[in-house]
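What follows is a short report on a single structure.
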Amino acid sequence: MKISKIETFSLLIPDFDIAACSSAQDNIVVKISTDEGLFGFGETDTNPWATKALLDSPGTHAMGRGFNDILIGKDPTNVEGLWHEMNEKTMMTSRRGLGICAMGAIDMALWDLCGKIYNQPVWKLLGGSKKDYVTPYASLLPEGHTLEEYSTSLVKKTKKSQELGFKAAKLEICIKGPYSHNNLQIEDDSEFANMVKLCRKAVGNDMVLMADVAYAWPDWKSALKALEMIKDENLYFIETPLPIEDLEGCSKLAQSTNIRVATGEMLQTRFECFETINKGNVDVIQPDVGRVGGLTEAKRVCDFAEDKGVLVVPHCWKSAIGIAASTHLSATTLSCPYIEFLPKELAESQLRKDLVLEELPLENGKIPLPNKPGLGIKVDEEKLKKYSV
Ligand SMILES: [Mg+2]
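Just so we're aligned, residue 77 is where the sequence shown starts under my numbering, counting upward by one.
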């Protein structure tokens, strides 16, 4: 069986908002087909037009080959071999950035395809499962144009996620720093602390709560001062408190607070994740399966993290394709207690709601170990056409 076709779809919702801090408004999806009519899907989280252009580009020399050129005619079941070949032969263009994102989507699609070829779920092909179910946390992005609207929306969504059966939820509190929502900017961190306290009060102590502050603080002591205000709220982790490159600050913060420090959503390849684990001393590493380089690369991060005693909680802001990939990854990894999950009921993006016809089922806040071949989902190909740009 040979790879016969690679199709790429750059997708965008028509009513996207450039000031919103949600990458679920767009997507880049890859479909890989074989000469025997089987196919697999993958997605990644970066600029859709640029990635499509790269994926469709021909190559021009030995260190800058095109993806089609490398993959067409190859055996799709040689996934790790193909990852190595793509990495080696696109070195000049794809060591990081869009190239690794493109490889991530291809790799995800290849694992989906392999599962269909062998008639097995992906977790089995990755080496087997260490659990009966995977626990998603509800990722909650509030709405609003004022602090009060934002806070009210967050509390409402937190309560709603609990009603939907989620055991854990993450509060997106993006009100400070370069990626604040709708240009909201707080001076005083007690506003941040109040939002955490209100959400904790709303759901009680049984629910696991995490917070994401989108690189809010400029240095570790500012972060520590803010975190001191919520030290009694039993937060599971604080996500991206510091600028992404400040690994020294990250290390100092992680050693100074009782709250786990999490980061890694932007990291590419296992090497960047290893560096962040080793130098940043993070408690939780958060590779995005599509962006880090696919399931092949994400699994290597999981193996390393497990050996180092670090937790893995994969980032995921796209569709149920990526959620399925995270689920199979988590199933193989004991130290991956949660995966990020945008609940359809609480997400704004129509793409998140529409793109996949059959998602992995959620039962009482948990995703049972998938048993269908591949990623175990069914993509709505009509929607691929509808949202194409
Ligand atoms: Mg985040």
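Beta carbons: idealized from backbone N, C-alpha and C, even for Gly.
Proximity test, residue i beta-carbon vs ligand 1 heavy atom, cut-off 8 angstroms
{"i": "A299", "result": "no"}
{"i": "T408", "result": "no"}
{"i": "A290", "result": "yes"}
{"i": "T316", "result": "yes"}
{"i": "H391", "result": "yes"}
{"i": "E348", "result": "no"}
{"i": "E309", "result": "no"}
{"i": "E373", "result": "no"}
{"i": "M225", "result": "In the sequence as presented, Met is not what sits at residue 225; that position holds Glu. No, Cβ of E225 sits at least 8 angstroms from all heavy atoms of ligand 1."}
{"i": "E248", "result": "yes"}
{"i": "E83", "result": "no"}
{"i": "E341", "result": "yes"}
Cβ neighbours of residue i in the same chain (closer than 7 angstroms, five flanking residues each side left out)
{"i": "K128", "result": "T84, S86 and I104"}
{"i": "I79", "result": "I108, T110, L147, I148, G149, K150 and P152"}
{"i": "E434", "result": "I453 and K454"}
{"i": "Y194", "result": "L201"}
Range of the contiguous beta strand (DSSP E) that encloses residue i
{"i": "K81", "result": "I79 to L88"}
{"i": "R336", "result": "R336 to T339"}
{"i": "K107", "result": "D102 to T110"}
{"i": "D288", "result": "V284 to D288"}
{"i": "I415", "result": "I415 to F417"}
{"i": "A423", "result": "A423 -> no beta strand (DSSP E), and no H or E assigned at all."}
{"i": "I314", "result": "L311 to E315"}
{"i": "E267", "result": "Note, E267: premise wrong, no beta strand (DSSP E); alpha helix (DSSP H) at S266 to V279."}
CB contact flag (residue i, residue j, <9 angstroms)
{"i": "D145", "j": "G369", "result": "no"}
{"i": "K328", "j": "W296", "result": "yes"}
{"i": "G450", "j": "D188", "result": "yes"}
{"i": "H404", "j": "V155", "result": "no"}
{"i": "T316", "j": "T352", "result": "no"}
{"i": "V289", "j": "I314", "result": "yes"}
{"i": "L216", "j": "E267", "result": "no"}
{"i": "K459", "j": "L431", "result": "yes"}
{"i": "I94", "j": "S425", "result": "no"}
{"i": "I249", "j": "M283", "result": "no"}
{"i": "Y255", "j": "L285", "result": "no"}
{"i": "L131", "j": "F115", "result": "no"}
{"i": "E112", "j": "M162", "result": "no"}
Run of the alpha helix (DSSP H) containing residue i, from where it starts to where it stops
{"i": "Y226", "result": "L223 to E239"}
{"i": "D208", "result": "D208 -> no alpha helix (DSSP H), and no H or E assigned at all."}
{"i": "G191", "result": "L174 to Y194"}
{"i": "T127", "result": "P124 to D132"}
{"i": "F380", "result": "L371 to K384"}
Residues of its chain near residue i, where Cβ-Cβ distance is below 6 angstroms and the 5 sequence neighbours each way are ignored
{"i": "K165", "result": "R141 and I146"}
{"i": "Y226", "result": "P218 and G220"}
{"i": "S406", "result": "V210, C412 and I415"}
{"i": "V377", "result": "R346, C349 and P363"}
Neighbour flag for residue i against chain D, beta carbons, 9 angstroms
{"i": "L311", "result": "Included in the structure is just one protein chain, with no chain D present."}
*When the Cβ atoms of the region 390-406 are set against those of the region 416-423, are three or more pairs found closer than 8 angstroms?*
yes
*Are three or more beta carbon pairs between the region 208-227 and the region 431-443 nearer than 8 angstroms?*
yes
*Between the region 398-407 and the region 360-378, are three or more C-beta pairs nearer than 8 angstroms?*
yes
*Tell me, please, whether the region 275-284 touches the region 227-235 by the rule of three or more beta-carbon pairs shorter than 8 angstroms.*
yes
_For the region 303-315 against the region 331-343, do three or more pairs of beta-carbon atoms, one drawn from each stretch, fall closer than 8 angstroms, so that the two count as touching?_
yes
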